[in-house]
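First comes the structure, then the notes that go with it.
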Amino acid sequence: MDVTGHSSDFITDHAFLAAMKKFTQHQARRWPGLFLDGEKVTEESLRDWQFPEDPEEDYSSIITFSAGQDMEDFWEDRGYALNDHGEGPFSVLYKRYPGVLHAHQVAGVQLTDPEDSAVVEGTSLLLSEYFAVSLVTPEDPKTDPFSGSILRDFLDAFSR
Numbered sequence: 002m003d004v005t006g007h008s009s010d011f012i013t014d015h016a017f018l019a020a021m022k023k024f025t026q027h028q029a030r031r032w033p034g035l036f037l038d039g040e041k042v043t044e045e046s047l048r049d050w051q052f053p054e055d056p057e058e059d060y061s062s063i064i065t066f067s068a069g070q071d072m073e074d075f076w077e078d079r080g081y082a083l084n085d086h087g088e089g090p091f092s093v094l095y096k097r098y099p100g101v102l103h104a105h106q107v108a109g110v111q112l113t114d115p116e117d118s119a120v121v122e123g124t125s126l127l128l129s130e131y132f133a134v135s136l137v138t139p140e141d142p143k144t145d146p147f148s149g150s151i152l153r154d155f156l157d158a159f160s161r
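Following my numbering, the numbering of the sequence shown begins with 2 at its first residue and continues without gaps.
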């Protein structure tokens, strides 16, 4: 299978772990027959689903999402592509980095309050550990409504 899809890339802090749980629960509401990592999700398996417990462990992985067995089969044949219903499989790739991240200048800040954005714009960023995350959707979220909805769900999962 060829590598396909559109990657939206992020750096996030430890909030990623709780946000992924929230994001996954939302996808189970989107697709009642949700397959997570190739397995059908049940209410119990979703409730018990979590990341590795050891915060010192260096881990990386991929979490895959599809609407069910038909979409899993479609994925094998077509990769990250939209089906006849305008939906397609997607995934989240992540890697935890336990070291320090220091960015010398933050740019392009988008906060609800423009005054808050102005306070952050141009400052330095310092994280003691972080996750590099890629959300891979079938198409570019800027032009495809389905992929755009997945990206919005992902970003919304970080809100309180």
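Positions of the beta carbon are idealized from the N, C-alpha and C atoms, including for glycine.
- When secondary structure is reduced to three states using DSSP, Val134 falls in the strand class.
- Here Phe75 carries a helix assignment [DSSP, helix/strand/coil].
- At the C-beta level, Phe132 and Phe17 come within 8 angstroms of one another.
- Where Ala104 is concerned, the enclosing beta strand (DSSP E) starts and stops at 102 to 104.
- In this chain, the beta strand (DSSP E) harbouring Lys96 covers 91 to 98.
- Only exposed fits Arg30, as fewer than 16 other CB atoms lie within 10 angstroms of its CB.
- In this structure, the beta-carbon distance from Val107 to Leu126 falls below 8 angstroms.
- Restricting attention to Thr5, Met21, His7, the CA atom closest to the CA of Tyr95 is found in Met21.
- Annotated as proximal: Val137 and Gly6, with beta-carbon spacing under 8 angstroms.
- Between the segment 40 to 54 and the segment 73 to 81 there are fewer than three inter-stretch CB-CB distances shorter than 8 angstroms, so the stretches are not counted as touching.
- With contacts defined as CB atoms closer than 8 angstroms, Gln28 and Phe75 fail to qualify as a contacting pair.
- Between the alpha carbons of Asp117 and Glu73 lies a distance of about 43 angstroms.
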